[in-house]
Each structure stands twice: as structure tokens, then as C-alpha cells.
Amino acid sequence: MQNVPTLILEGDAFHRRKLPIPYQRTCKCPPTHINCMTPKDWLKSQLGVWQFSYERRDIRDKNLHPATFPIALAKKVIELFTHEGELVVDPFVGSGTTLVAASDLNRNAVGFDLQRHYLYLCRQRLNLNSNIFNYASQVAIQDDARHIDEYLEEDSISLIWTSPPYANLLNRKRKNKSRRNRNNDQLGKIEQYSQDERDLGTLELSAYSEAIGDIFQRLLPLLKPKGHCVINVSDMWWENERITIHISLVEELRKRGYELRNIIIWDRTNIVNQIGIFGWPSNYITMGVTFEYLLDFWRSPSNGIGSQRP
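Here the sequence shown is numbered in the numbering used here, starting from 29 and rising by one per residue.
Here it is in C-alpha cells:
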């Protein structure tokens, strides 16, 4: 499967068989190292607040995809927790940013999404990003994340990295004050990915947390011991109440056998567009668009899975 920029596969057509995708490191790093970083890069990465800028290849048009993140963010996470040649999996790959970042770094990657039009966007981006000197494989599969364990071997994934749907955050009309004076069509728009009953973005918080837990419980045996799982998530406001999605996910994944290692803040203040005033003068509310959480879990080396199997 070398030198394949991307494959678009339908789960049913592919019969959900195991993918012949490489997952062993190809670098010459010592076996105890968790990445290929130099001590200087490692030191900079120890800061608990990260900030990134967009680049030309990034998707910023919400008509193409309603919730994207910079390539630089994905590359940072991949560089921290993998070696060249290892396998990265994104259960909710969307526009394919994870696959683009993995391709840049010579990591193999597999992404899953329910919506075929997003996978076509993945292919377009990877074709523009092709490099004849890169032998890593990137595969995009149209299927439910609940079936990932039918495609990949146990103990094969070095990193699960994703930004999942945030419960039903997008499944409502957008009324942000920051959008009211912009010359675009975002105000009043429902940006939800789909109304597919399998789509996590259609669920309220308790059902969402349980569904996320079910998916990641099935992924845990596929993760190598000490393999990391990093989830990008934001909280949300609903009818003047803060919905702490990040806390719900931490609690749910702990119940499913994951161990929380780090919580990193993604500082988005440098990429936020024009904003409005919120709550003044009687109700102080921080602007949720200015930061998000990066929840870093791993499969503990002492976790032999066993009772955590679904």
C-alpha cells in the first residue's frame, strides 16, 4: 500500500476486512523514545498552552466543513506521540486535516467518516499534498466509527487523534453576536454535519458521552500499550448554562479503561475573527471560541484490556 496518496473506501463494499497498512516505526530512534523529537523541541512542547496559525492549505470555509482545526495542531500532536512509519487513526476525520498532517510527517494514517463528501475533500487535499519521497499511506473510509476494530489489528495504533462532534452544539441555528454584522451567511445557519441517526452531533450530552465511550472502548485494544489518545473538544453554552463536555469525556473515557495524562489548552485568540460583547453588564461569560481543550489519554502499560472489552 506504499505511495498511495489516499484510498476512499466504503465499509460495506470493503466488507470491513483488516487493512494491510504498515504500523511499525521506520526511524532509527532508540526503542524507549516515544517520538523523534530533539531535546530542544521536547522542552518547548512541555508548555501547557498551545497556539497555532493557519496556513494556505488549511480549510477555513465553514460551507466546506463546519469545524476544522489547523494542520499545525495535528502535526504537533502527531510529532509528540509517534515515530515515522507508525499508525495514526482519526475516528472522525472530516475534511482530512489529520491525514494531511500525517502525510507531511511520513506517518501512516486511517480516517473514518460517515459522510462521503468529506472523504472526497480528503482526497482532493491529499492529492494536492502528494510527495514522491513520502512512503506513508493515508486511507479514508466511509463508515461508522463503531466499526473501526473490524479494520485494524490489536496493538497496532500509536496515536488516536481526533476532534469529534461536540454533542448537539452545531445542531441549532447560529446566533452568535459576532456573526450578526458579518457579510456572510453564517448567522441563523444550522451547521450540523448531518441528520444521520448514527451522527454523534445529533445527541444530547448524556447519550453523546455514552456513545463516545462505546466507540473508544472498542478502540482501546487496538492502541499499543503507552499509545496515546488525544481528543480536541470545546465546552458549550445552552440556554444560559455551561455544558462541560470536556469533563463528561474525561469521566467517560476513564470508565472505559483510559488513563488521563495531560490536559492542554489550545489558545485560539490569534485566529478568532471579530467578536461581540457577551453578558455585559450583568453576566460575565468567557468567550468559548477563544480556547479549547486537548485531552491526552493513554493505554496504561499495566492495562491488559480484559474487562474493558465491549
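For each residue, glycine too, the CB sits at the ideal point set by N, CA and C.
Using a Cβ-Cβ cutoff of less than 6 Å, which residues in the same chain neighbour residue i once the five nearest sequence positions on both sides are dropped?
i      : result
Thr60  : none
Ser237 : Ser276 and Glu280
Tyr148 : none
Leu47  : Tyr179
Spatial neighbours of residue i within its chain, please: CB distance less than 7 Å, with the 5 preceding and 5 following residues excluded, ordered by chain position.
i      : result
Ile106 : Val116, Ala129, Ala130, Leu133, Arg135, Leu187 and Trp189
Ser328 : Glu287
Val278 : Leu288 and Leu323
Ile243 : Pro119, Ala173 and Arg174
Gly255 : Ile185, Ser186, Leu187, Trp326 and Arg327
Phe97  : Thr125, Ser191 and Asn260
In three-state DSSP terms, what is residue i?
i      : result
Ala129 : helix
His175 : helix
Pro249 : helix
Thr230 : helix
Trp78  : strand
Phe244 : helix
Asn260 : strand
Lys68  : helix
Ala100 : helix
Ala235 : helix
Asn199 : Low confidence applies here, because Asn199 scores a pLDDT of 43, under 50, leaving its location unreliable; read the following figure in that light. Coil at Asn199, not helix or strand.
Tyr163 : coil
Arg157 : Here the sequence assigns Asn to residue 157, which means Arg is not the residue at that position. Asn157 falls in the coil class under three-state DSSP.
Gln52  : coil
Arg151 : helix
Arg44  : coil
Ser73  : helix
Tyr146 : helix
Select from the options the residue whose C-alpha is nearest the C-alpha of residue i.
i      : options                           : result
Gly124 : Ser191, Glu269, Trp308 and Gly229 : Ser191
Ala20  : Ile185, Leu127 and His145         : Past the boundaries of the shown model lies residue 20; the chain is included only from 29 to 338, so the question cannot be answered.
Asn331 : Ala168, Asp183, Leu142 and Asp89  : Asp183
Gly113 : Cys55, Gly76, Arg153 and Ile169   : Cys55
Val261 : Asp295, Arg85 and Asn157          : Asp295
Gly316 : Trp326, Val300, Val278 and Phe325 : Val300
Pro253 : His274, Ser158 and Phe109         : Phe109
Asp263 : Gln74, Cys57, Thr318 and Arg85    : Thr318
Trp266 : Leu251, Leu228, Leu233 and Ile176 : Leu233
According to the neighbour-count rule (16 or more other Cβ atoms, all chains shown, within 10 Å of its Cβ), is residue i buried or exposed?
i      : result
Phe161 : exposed
Asn311 : exposed
Trp70  : exposed
Trp326 : buried
Ile292 : buried
His111 : buried
Arg153 : buried
Ile271 : buried
Gln74  : exposed
Ile305 : exposed
CB-CB under 8 Å to residue i, same chain, minus the five flanking residues each way: which ones, in chain order?
i     : result
Gln52 : Gly113 and Glu114
Arg85 : Ile99, Val128, Arg153, Leu156 and Asn157
Does the ligand PLP have even one heavy atom less than 7 Å from the beta-carbon of residue i?
i      : result
Pro119 : As presented, the structure is devoid of all ligands, the ligand PLP included, so that no description of it is given.
Just to confirm the assignment: which complete alpha helix (DSSP H) runs, minimum length 4, are found wholly within the segment 276-318?
none
Enumerate, from N- to C-terminal direction, the unbroken beta strand (DSSP E) stretches of 3 or more residues contained entirely within the segment 102-128.
115-118
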